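One structure is given here, and the rest of the page talks about it.
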Amino acid sequence: MSIFRVGQKVVLVDVSSRDGGETRKQWEMAGAIYPDQNAVYTVRGIVYHSITGVEMIHLQEIDNTPICKVLNLMLEPAFESYRFRPVVDRKTDISIFKSLLTPSKQPVSA
């Protein structure tokens, strides 16, 4: 089961490479677009690698379908999901700062 869902915001946290970046260079020469580290993206789809079973994700902001024709691929390349983390939306709460501006009702002895 995935920790991600379609439509969810994610951030790329791991751009490490096991082969010194050679695979990435080859994909980029073919026209593949890679996500940038610390950038926020939207999950477009969740797939699993046909050989390794590793969970992969497609990103709304990156469309690599054009290279499918160039390389005669049946499926659009995806990105390993373990390289991403969910973005946590935190509502801004300024109530603590408002309370600092409110005058105290108790007298302060000097």
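Each residue of the sequence shown is one higher than the one before, starting from 0 at the first, in numbering that gives the first Met the number 0.
Quick reminder that beta carbons are idealized off the backbone N, C-alpha and C, glycines included.
Predicted model, so just to flag it, every value in this text is computed and none were measured.
Going along the chain, which unbroken runs of the beta strand (DSSP E) with 3 or more residues stay wholly within the segment 44-82?
If one requires a minimum length of 3 residues, the beta strand (DSSP E) runs lying completely within the segment 44-82 are 54-58, in chain order.
Rounded to the nearest angstrom, how far is the Cβ of S16 from that of E54, given a contact under 8 Å?
As a position in the sequence shown, residue 16 is number 17, starting the count at 1. As a position in the sequence shown, residue 54 is number 55, starting the count at 1. No, S16 and E54 are not in contact; Cβ-Cβ is about 19 Å, not under 8 Å.
Is R4 helix, strand or coil when you go by DSSP?
For this step, residue 4 is matched to residue 5 along the sequence shown. The three-state secondary structure of R4, taken from DSSP, is coil.
Taking C-beta to C-beta, are V42 and K90 nearer than 9 Å?
As a first step, residue 42 is located in the sequence shown; it is residue number 43 there, counting from the start. As a first step, residue 90 is located in the sequence shown; it is residue number 91 there, counting from the start. No; because the gap between Cβ atoms is not below 9 Å, this pair is not in contact.
Below 9 Å between beta carbons: does that hold for V5 and Q36?
In the sequence shown, the residue the question calls residue 5 occupies position 6. In the sequence shown, the residue the question calls residue 36 occupies position 37. No, they are not a contact pair.
If we ignore side chains and look at the alpha-carbon of each, how far apart do V31 and G52 end up?
Locating residue 31 in the sequence shown gives position 32, where the first residue counts as 1. Locating residue 52 in the sequence shown gives position 53, where the first residue counts as 1. Looking at the sequence shown, residue 31 is not Val but Ala. Their backbone Cα atoms lie some 22 Å apart in a straight line.
Would you kindly report the start and end of the unbroken alpha helix (DSSP H) that includes Q25?
Counting from one through the sequence shown, the residue named residue 25 turns up at place 26. Run containing Q25: 21-28, per the alpha helix (DSSP H) assignment.
Along the chain, where does the alpha helix (DSSP H) containing Q98 start, and where does it finish?
In the sequence shown, residue 98 corresponds to position 99, counting from 1. Looking at the sequence shown, residue 98 is not Gln but Ser. Here the alpha helix (DSSP H) through S98 covers 94-100.
Taking Cβ to Cβ, would you say D62 is nearer than 9 Å to E75?
Your numbering for residue 62 matches position 63 in the sequence shown. Your numbering for residue 75 matches position 76 in the sequence shown. Against a cut-off of 9 Å, the Cβ pair of E75 and D62 comes out as a contact.
How many whole angstroms separate the CB atoms of I45 and I56, which I take to be in contact at a CB cut-off of 8 Å?
Stepping through the sequence shown from its first residue, residue 45 is reached at position 46. Stepping through the sequence shown from its first residue, residue 56 is reached at position 57. About 6 Å separates the two Cβ atoms, so the contact holds.
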